[in-house]
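Position 34 of the sequence shown, counted from 1, bears residue number 37 in the numbering used here, the numbering being contiguous throughout.
Glycine included, C-beta positions come from ideal geometry on N, C-alpha and C.
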Amino acid sequence: MRKVYLDNAATTPTDPEVVRAMLPYFSEIYGNPSSAHSWGFEAREAVERARKSVAGFMGARSNEVVFTSGGTESDNAAIKGVAFANRNRGDHIITSSIEHHAVLEPCAFLEKNGFDITYLPVDRYGLVSPDDVKKVITKRTILISVMHANNEIGTIQPIAEIGKIAKENGIIFHTDAVQTFGHMRFDVNELGADLLSVSAHKLYGPKGVGALYIREGTKLSPFMHGGTQERGWRASTHNVPGIVGFGKAVEIASEGLYQEQKEVAVLRDRLMNGILERIPHSVLNGHPAMRMPGNVNVSFKNAEGELIMTYLDQEGIACSTGSACNAATKGPSHVLLAIGLPHHLITGSLRLTLGKHTTAENIDYVLGKLEEVVKRVRELSPFREC
Ligand code: PLP
C-alpha cells in the first residue's frame, strides 16, 4: 500500500544526513562538554558549531541561543522566566487565544499565581490585530507573546508589527516560531523578537531538542537551576547528539529552503484547490494567502473529521483533525473555536501538512482517496444532506 505522511506539522522524519552527523556523538565522541579534557573539548566544539548554525539561521549571535529540550521548554522558559524576573515592574501578560498549549498552559499557571493574562481574539482567518495589541497594553504589561505561525491553521501573524509595538512600549516580546523555523526565512531583528522558541523535530532534526533565542540584555530568570551549563540559563548536561543533529538540520534547511518552500507551496495549492473543487461543501480554515507553505486545513460539512482520519489511515495516509477528543487534546480545537468556526465544521475538520518529501503523485493519490472517504463518511452521517 502507498504510504503518504501528511502530518509534518506534528513532526518530521529525521533526515538520514542528520542521523549520520549525530551517530559519532553517542559512543565515539562521548565526552561531557563541561569537562576540562580533550573528550570534553571535542564535544564542546560540536555544541558550539551547532549553536553557530542555529543562531546564524535566525540572524542572532551565538551567545544569544540557549539549547533546550524542545519547543515546550523554550516557551515555558520564556514566559515564566519573564514573569518571575519582572514581577516588580508589572504582572500583566498579553498573548493570543490561538497559541499552542506550550504557551497557553504556562500562562494559565501564572494566572493561578496572581498574574493577569489578556488572551487576544483573532479574526476569522486566525489573525491577531496589531491595533488590538496596542489597545490592551497597560503600565503593568511586562510581556507580549504571539506565535509566528499557527500549528493548526497555518496562519502567519504580523509579527514584525507586533514586535515594533512591544519595543515602542518597552515591553519584552516573545514569539513561538516552532512551526516556521526551517520553513520560512526570518531574522530576529526584523521580527523585533526579544525571545523566540524553536524545535528541531519540526525541521527534519531529532526529537527532544530545541532552543530559545534570548536577546542580550533581556531580563529573564534562569529556567533550570543546577550546574552552569548554557551560561547558567539552563543547567543539565548537554544532549550532544541531539544538538549536533539540530545544527545539521539547520544547515540542510538553510541550503534548500528557498526551493523547498516554493515546491511545497505549489503542492499545497494543488491539494487545497483540489479539495475545494472536488469535494462539495468543503471550506478552507485559516488565511488564504498568509499561511504556511505546507499547511492545508479544511472542514467538511456533515462528515466526522475523526472518522475521515481513521479511514485515511487505513489507506496509508496520515493527517490530523481538530475535532473533539483527538489524541493530543481534551476537546475541540481552541484554534477553530477562536476563529468562530461553527461546531459542525470543527467536527468535520482535517489538517494535512506537507513536507519536503511530499510529491505531486502523493497529492493526487490523497485527493482521490479523500473524495471517496468523505463520500463514505457522509453516507454514514445521521445528518446526511450532501
Ligand atoms: N509550539 C508550537 C507552535 C508547536 O507546533 C509545538 C509542537 O507541536 C510546540 C510549541 C511544542 O514543541 P515540542 O514538541 O518541541 O515541545
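Item, Value
"Gly245 and Gly211 closer than 7 Å at C-beta", "yes"
"Helix, strand or coil at Leu373 according to DSSP, with G and I counted as helix", "helix"
"Cβ neighbours of Lys55 in the same chain (closer than 6 Å, five flanking residues each side left out)", "Ser65"
"Closer than 6 Å: Gln182 CB and nearest the ligand PLP heavy atom", "yes"
"Local conformation of Leu357 per DSSP, three classes", "coil"
"Cutoff 6 Å; reference Val253; Cβ partners in own chain excluding five residues on either side", "Ser56, Val57 and Phe60"
"Straight-line Cα distance separating Tyr122 from Ala152", "16 Å"
"Alpha carbon of Glu219 to alpha carbon of Val50, nearest angstrom", "20 Å"
"Touching by the beta-carbon criterion (3+ pairs, under 8 Å), the stretch 82 to 101 and the stretch 331 to 345", "yes"
"Secondary structure of Cys328, DSSP reduced to three states", "Reliability of the predicted coordinates at Cys328 is poor, the pLDDT of 49 falling under 50, and no value is obtained from them."
"Endpoints, the beta strand (DSSP E) within which Ile311 is located", "Here Ile311 belongs to no beta strand (DSSP E); instead the alpha helix (DSSP H) covers Gly308 to Gln317."
"Nonlocal neighbours in the same chain, by C-beta distance under 7 Å from Leu279, ignoring five residues either side", "Ser285 and Leu287"
"Same chain, Cβ closer than 6 Å to Gln264, five either side skipped, listed in chain order", "Pro296"
"Ser148: CB within 6 Å of a non-hydrogen atom of the ligand PLP", "no"
"Proximity test, Ser300 beta-carbon vs the ligand PLP heavy atom, cut-off 6 Å", "Here residue 300 turns out to be Asn, not Ser, going by the sequence shown. Incorrect: Asn300 has no Cβ contact closer than 6 Å to the ligand PLP."
"Beta-carbon proximity list for Asp10, same chain, < 7 Å, skipping 5 on both sides", "Ala321, Cys322, Ser323 and Thr356"
"His104 versus Phe112 - alpha carbon distance", "12 Å"
"Candidates Tyr207, Tyr368, Tyr261 and Met293: closest to Asp18 by CA position", "Tyr207"
"Assigned secondary structure, His204 (DSSP; H/G/I helix, E/B strand, else coil)", "helix"
"Given Leu26 as reference, the closest of Gly248, Thr313 and Ser352 once Cα atoms are compared", "Gly248"
"Heavy atom of the ligand PLP within 6 Å of His103 beta-carbon", "yes"
"Other residues of its chain near Lys170: CB distance less than 6 Å, five sequence neighbours each side excluded", "Gly195"
"heavy atom of the ligand PLP below 6 Å from Asp10 C-beta", "no"
"Any 3 or more C-beta pairs closer than 8 Å across the stretch 300 to 311 and the stretch 368 to 385", "yes"
"Closer than 6 Å: Gly74 CB and nearest the ligand PLP heavy atom", "yes"
"Nearest to Ile32 (by Cα), restricted to the options Phe44, Arg273, Val131 and Asp190", "Phe44"
"Which residues DSSP lists as bridging His177, in chain order", "Ser148 and Leu198"
"Arg52 at chain D interface by Cβ criterion, 7 Å", "Protein chain content of the structure displayed is limited to a single chain, and chain D is not contained in it."
"Residues bridged to Met4 [DSSP beta-bridge criterion]", "For Met4, which the question treats as bridged, DSSP gives no partner whatsoever."
"Asn276 Cβ short of 6 Å to the ligand PLP heavy atom set", "no"
"Assigned secondary structure, Thr75 (DSSP; H/G/I helix, E/B strand, else coil)", "helix"
"Any non-hydrogen atom of the ligand PLP within 6 Å of Gly250 CB", "no"
"Of the residues Thr183, Leu348, Pro133 and Asn242, the one placed nearest Val301, counting alpha carbons only", "Leu348"
"Asn242: CB within 6 Å of a non-hydrogen atom of the ligand PLP", "no"
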